[in-house]
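Accompanying notes for the structure given below.
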Amino acid sequence: MYKEICNKYAPTKDNLIYILHDIQDTHPQHYISEEAVEVVSEYLKVPANHIFGVLTFYSMYSTKPRGTNIIRLCESPPCYIKGSDNILRKLKTMLSVNVGETTKDGAFTLELAACLGVCGNAPVMMVNDDVYGDLTEEKIEEIIGKIRGGN
Ligand code: FES
632 MYKEICNKYA PTKDNLIYIL HDIQDTHPQH YISEEAVEVV SEYLKVPANH IFGVLTFYSM
692 YSTKPRGTNI IRLCESPPCY IKGSDNILRK LKTMLSVNVG ETTKDGAFTL ELAACLGVCG
752 NAPVMMVNDD VYGDLTEEKI EEIIGKIRGG N
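At position 1 of the sequence shown (counting the first as 1) the number is 632 in the numbering used here, and the numbers step up by one without a gap.
See below:
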């Protein structure tokens, strides 16, 4: 699977981040394994250490298996002022996880993010590619309930 993804891109160092993105997006657990790093390293002729450096530098990459749904709550000041800390508390309680952890059923991983670019709707979070704004504790229950229910 990793080799197939690599083959979609020219074997140049410039494509490293695109390949890593593709691998992470394609993996059902949204992460980049050591095995994947080895395949990419060989394909691009880039040392594995360099790739691990890139993975550590950018917070959007994960080297640990994550849940089916990735929640990224904005922790930047405009969202904080509008109560993102209450939203975080609600998410932690509802999902029984801390930041960086995945629920026991593997359905959700809770992460924090810097400004998501829609501060006018603070507090804001993303679940996978969907943005949710003007969050309240009630809205969190609704959103998580809908995702759990498959809607
Ligand atoms: S500060 Fe939260 S979206 Fe910009």
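Cβ coordinates follow ideal geometry from the N, Cα and C atoms, glycine included.
Predicted model, so just to flag it, every value in this text is computed and none were measured.
Minimum C-alpha distance to V755 - residue among I718, T733, I701:
I718
Test item: CB-CB of L726 and F739 under 8 Å
yes
State yes or no: is the C-beta of K644 within less than 8 Å of the C-beta of V677?
Contact flag set, yes.
Out of T767, E769, I775, which has the shortest C-alpha to C-alpha gap to D761?
For the residues T767, E769, I775, the minimum Cα distance to D761 belongs to I775.
Residue range of the alpha helix (DSSP H) that includes L719:
Start and end: 715-726.
Any non-hydrogen atom of the ligand FES closer than 7 Å to V685 Cβ:
no
Please report the straight-line C-alpha distance between Y662 and K713, rounded to a whole angstrom.
31 Å
How many Å lie between S666 and D653 at the Cα?
Going by the sequence as given, residue 666 is Glu instead of Ser. E666 and D653: Cα-Cα distance of roughly 15 Å.
Can the beta-carbon of C705 be found closer than 8 Å to that of Y674?
no
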